[in-house]
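Heads up, our numbering is the position in the sequence shown plus 1, with the first residue counted as 1.
Don't be surprised by glycine CBs; every beta carbon is placed ideally from N, CA and C.
None of these values were measured; they are calculated from a predicted model.
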Amino acid sequence: MHLNRPAASLLGAVAMVAFRVLPLPDAYAAIDFDVLVFLLGLMLIVGYLEVGKFFEWAAEWVLKRAVTPERLLLGVVIGGGLLSALFVNDTICLVVTPVLLAALGPLRVRPNPYLIGLAMGSNVGSVLSITGNPQNMLVGIWSGATFGGFLAHMLPVAAGGLAITYGYLRWVYGAELREPFRERLESVPVALDRPLVAKGLAMFGCAVVAWLAGGPLPLVAIAAGAAMVALGQRDPAYAIDRVEWSLLLFFASLFVVMRGFEQTGAVAWIDRHAVSLLSHGTVWRAAVVVSAALTGLSNLISNVPAVILWRNTVPNLPDSDLVWRVVAMSSTFAGNLLLIGSMANLIVAERAEKRGAPIGFWEYARVGMPVTALTLAWGVVALVLTR
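1. Is it true that the CB of residue 158 sits closer than 7 Å to the CB of residue 330?
2. Where residue 186 and residue 94 are concerned, what is the direct C-alpha to C-alpha distance, given to the nearest angstrom?
3. Please report the distance separating the alpha-carbon of residue 29 from that of residue 127.
4. Can you name the start and end residues of the alpha helix (DSSP H) that residue 206 belongs to?
5. Counting along the chain, where does the alpha helix (DSSP H) carrying residue 9 start and finish?
6. Is residue 149 closer than 7 Å to residue 86 when the C-beta atoms are compared?
7. Kindly provide the ranges of any alpha helix (DSSP H) runs that are 4 or more residues long and lie completely inside the stretch 230-318, ordered along the chain.
8. My assumption, with CB atoms under 8 Å, is that residue 373 sits in contact with residue 338. Please give the rounded CB distance.
9. Does the beta-carbon of residue 266, which I'm using as the reference point, lie nearer than 6 Å to any heavy atom of the ligand HEM?
10. From residue 138 to residue 194, what does the alpha carbon distance come to, in whole angstroms?
11. Mind the definition here: the stretch 48-62 touches the stretch 268-277 only if three or more C-beta pairs lie below 8 Å; say whether that holds.
12. With DSSP as the reference, label residue 186 as helix, strand or coil.
13. Confirm, please, whether the CB-CB distance from residue 261 to residue 23 is below 7 Å.
14. Under DSSP, the alpha helix (DSSP H) around residue 117 begins and ends at which residues?
15. Using CA coordinates, which residue listed in 259, 91, 235 is at the minimum distance from residue 119?
16. Please look up how many angstroms separate the CB atoms of residue 381 and residue 289, rounded, as I've assumed it's under 8 Å.
17. Can you tell me whether residue 81 is buried or exposed? The criterion is at least 16 other CB atoms within 10 Å of its CB, across all chains shown.
18. Taking the alpha helix (DSSP H) that residue 368 belongs to, which residues open and close that run?
19. According to DSSP, is residue 49 part of a helix, a strand, or is it coil?
20. Cutting at 6 Å between CB atoms, please list the residues of its own chain near residue 362, excluding the five before and the five after it.
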């Protein structure tokens, strides 16, 4: 059956009710509308920024200043990471990949180091904030973390992770990066809609200020998104079309599937064993065990279902605030392990393949595996030492 993730999760959710694993009212109750509302509000603002060509403009700004291969790789990794931290990693990979390929095409250089750098940098950088990726949003809402508190704890994790990613990529692709560009890196000027982008960034800035002041994550997000619709003075259909409705469907259906999974007793079994395993060990042991479990689950069943699976387990563990941050870090960094490890990777790979620049599974894995191991180790150390 040729099903993508949203379609498969919808099929699973319907099956849970159709085969009487869950009554329909329980299926409705399983859906966490705080998560869906938070996602929708953020996507509306990002949609208007896409309409205004903000992300293409940001990519062009980086490309203009990348006069050498090493600087281009640095700009792609760091720039992709910082943009992803604010505006969701999948969006950044979706928009930046074509711009990067178009700029590299005339130079006749192999784009793979930069494409892999974009995917990995976006994954790693997205750990920085609650708005960086879907699993961070889940952790932020369920743990009750504040926007500022999450950012402060994840800042050294993200900074070190980006440094490790860039350093390893530069070492692996050193021979290619030492060859200077034969021509100057050129890019097509972007027609930036400055008034619309200014409003979008202002609304996002207002949302960040409200979150830092302790405002509820979902309410602030949807209020900022609705205000953007009112103030944008553009046909909202263009921005609404850019909302990832399939992702919202995926989340809603997945909540139902996981609630049905709970009925089997598997979640209770995981809960009992996790509590018994981690209740009597050191904080270092807890962080390492949780990180290893999330890394394995994220690559087995994907990162979002892995985080949902731990929703009721983490509050029962010692140092639950630390464990929540380890869950967010591990499920994010685990996305770099394999090409199929995250949606951001797949977006870059699919767009690159359509442009005649395929990224091989093993080429990605030979970089992804050591980068994932190193960044996970750094993340555990940084989170435990700064808890």
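This is what the structure holds:
1. yes
2. 20 Å
3. 30 Å
4. 195-213
5. 6-19
6. no
7. 237-242, 246-263, 267-279, 284-302, 304-310
8. 4 Å
9. Within the structure as shown, the ligand HEM is missing, as the structure has no ligands at all.
10. 29 Å
11. no
12. coil
13. yes
14. 113-126
15. 91
16. 6 Å
17. buried
18. 362-386
19. helix
20. 340
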